[in-house]
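Per full-length UniProt numbering, the sequence shown runs over residues 1 to 388.
A virtual CB, placed ideally from N, CA and C, is assigned to each residue, including glycine.
This one's a predicted model, so the numbers in the text were calculated from it and none came from an experiment.
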Amino acid sequence: MKENYVYFLDTSLRDGEQTPGVNFNTQDKVQIALQLEAWGIDVIEAGFPVTSQGDFEAVQAIGKAVKKATVAGLARCNKHDIDRCYEALEDVPNRQIHVFIATSPIHREAKLNMTKEEILDSIKEHVAYAREKFDLVQFSPEDATRTEWDYLSEVVETAIQSGASIINIPDTVGYTNPTEYGQLFKHLQDTVPSFDQAIFSSHCHDDLGMATANALAAIENGARRVEGTVNGIGERAGNTALEEVAVALHIRKDFYVMETGIVLSETKQTSDLVSRLAGMPVPRNKAVIGGNAYAHESGIHQDGVLKNPETYEIITPQLVGVSGNDLPLGKLSGRHAFVDRMEQLGFEMSDKEHVNELFKQFKDLADKKKLVTTTDLYALAQGQDISD
Ligand code: KIV
Ligand code: ZN
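Shown next as structure tokens:
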């Protein structure tokens, strides 16, 4: 394990594909996997091979195509699942299996109909079985955040003793919050005797809008791996958006003091590809890669950004592969942004009275429209009637 380094596992192709309405074909999946590799993802969770022949073949194809990243497959605590995962990844040098079973009271009683002891026995048997076939075994207690903490410690210790070297703590239903999730990692550190023999990982869902904050809280409390998806796609409200975590760790490295392997300049391209192949447009106000993330509309902000972008931009657009910022002209825009845009369009703006008149006409127009376009500005400069 590298010091002060956070490993990134991307599960866009597995948990991300659980987004209602999203269905990647094998070609899409390979294309995304190669882009994830270019983005610097350490582990690509390629799929859940037992679920269908198509998923099995996609995991195989990703294993063949990817050269640097580790390729992971998901399996329940079930020998057939583990065998299928092994068959799909047999020829892949950097492979990992991800074995899971639910541990919370509601899942034990309503879904699995298993006692706490039976679950511990199943973990012992199946993690050990997986370890016979894979050098790297990850174990997840599904719905960990709604599991009794003392029992969770026992579960985690059992998994490590049985051969797991990565322990993932899923917030399966997006129930926790940063304070509590951080305390849970601290609790595991204090109570699991073999804690130091495994890498701990966060896996959060966004039901309460806290998936990124929760992942960062886990990192603050000892997690050295983060799981999530591109653009936060996933079941229900989605997963932790990995681009948000990567950029937060970079922008606030004074606070987190952590490195990652993420090539930030590939972020926009990765986001665009996943958005296009998933058929899910990125909301304009989405952090880091939304269309408005580098746009400033109010006059005060535009004036500040024109004087020095750092007044209102903590992330430079170029950092994440976006060409530049945008100052859309609307009714809140001020004189500075208006004059600047007119000069960019090649108009002489030195005559104060003329500028006053044009700016007044611009404001009158802006009151009637959401945004004033370049065509509007040409018409205005050429004295055309733009009143409606
Ligand atoms: O959210 C979850 O619990 C999962 C597990 C399979 C790790 O995706
Ligand atoms: Zn999940």
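In this chain, the beta strand (DSSP E) harbouring Glu-227 covers 225-228.
Within the same chain, no Cβ atom closer than 7 Å to the Cβ of Asp-272 is found once the five residues on either side in sequence are excluded. For Asn-239, the secondary structure class from DSSP, reduced to helix, strand or coil, is strand.
In this structure, the C-beta of His-107 stays at least 8 Å away from each heavy atom of ligand 2. Pairing Leu-249 with Leu-358, the inter-Cα distance amounts to about 45 Å. Secondary-structure assignment with DSSP links Gly-47 through a beta bridge to Gly-73. Taking 8 Å as the upper bound for CB-CB distance, Asp-10 and Leu-264 are not in contact here, some 15 Å apart.
With contact defined as three or more Cβ pairs closer than 8 Å, the segment 219-226 and the segment 249-261 are in contact. Taking the Cα of Ala-237 as reference, the smallest distance to any Cα among Asp-206, Val-43, Glu-244, Ile-219 is reached at Asp-206. Scanning the segment 183-233 for uninterrupted alpha helix (DSSP H) segments of 4 residues or longer gives 211-220, listed from N- to C-terminal end. Relative to the non-hydrogen atoms of ligand 2, the Cβ of Asn-239 comes within a distance shorter than 8 Å of at least one. Of all residues, those with a beta-carbon under 5 Å from at least one heavy atom of ligand 1 are Asp-15, Phe-100, Ser-140, Glu-142, Pro-170, Thr-172, reported in chain order.
For the options Asp-143, Ala-65, Ala-46, the alpha carbon positioned closest to that of Cys-204 is the one of Asp-143. In the DSSP assignment, His-336 falls within the alpha helix (DSSP H) that extends over 335-344.
Boundaries of the beta strand (DSSP E) around Arg-95: 95-102. Its Cα nearest to that of Ile-101, the residue Asn-168 stands out among Asp-91, Leu-184, Asn-168. In the three-state scheme derived from DSSP, where H, G and I count as helix and E and B as strand, Leu-319 is classed as helix.
Beta bridge pairing from DSSP links Tyr-5 with Glu-259. DSSP, reduced to helix, strand and coil, places Asp-171 within a strand of the structure shown. Relative to Tyr-256, the option among Ile-219, Thr-147, Lys-29, Lys-370 whose CA is nearest is Ile-219. In chain order, Pro-317 place their CB closer than 7 Å to the CB of Gly-324, counting only its own chain and leaving out the 5 sequence neighbours on each side. Taking a cut-off of 8 Å for Cβ pairs, the segment 132-148 and the segment 171-182 touch, as three or more such pairs fall below it. Counting the other Cβ atoms within 10 Å of the Cβ of Lys-29 gives 16 or more, which makes it buried.
Gln-31: member of the alpha helix (DSSP H) spanning 26-39, first to last residue.
Here the distance from the Cβ of His-203 to the nearest heavy atom of ligand 2 is below 8 Å. Of Ser-162, Met-349, Pro-193, the smallest CA-CA separation from Ser-122 is found for Ser-162. In this structure the segment 42-50 lies against the segment 72-87, because at least three pairs of beta carbons, one per stretch, are closer than 8 Å.
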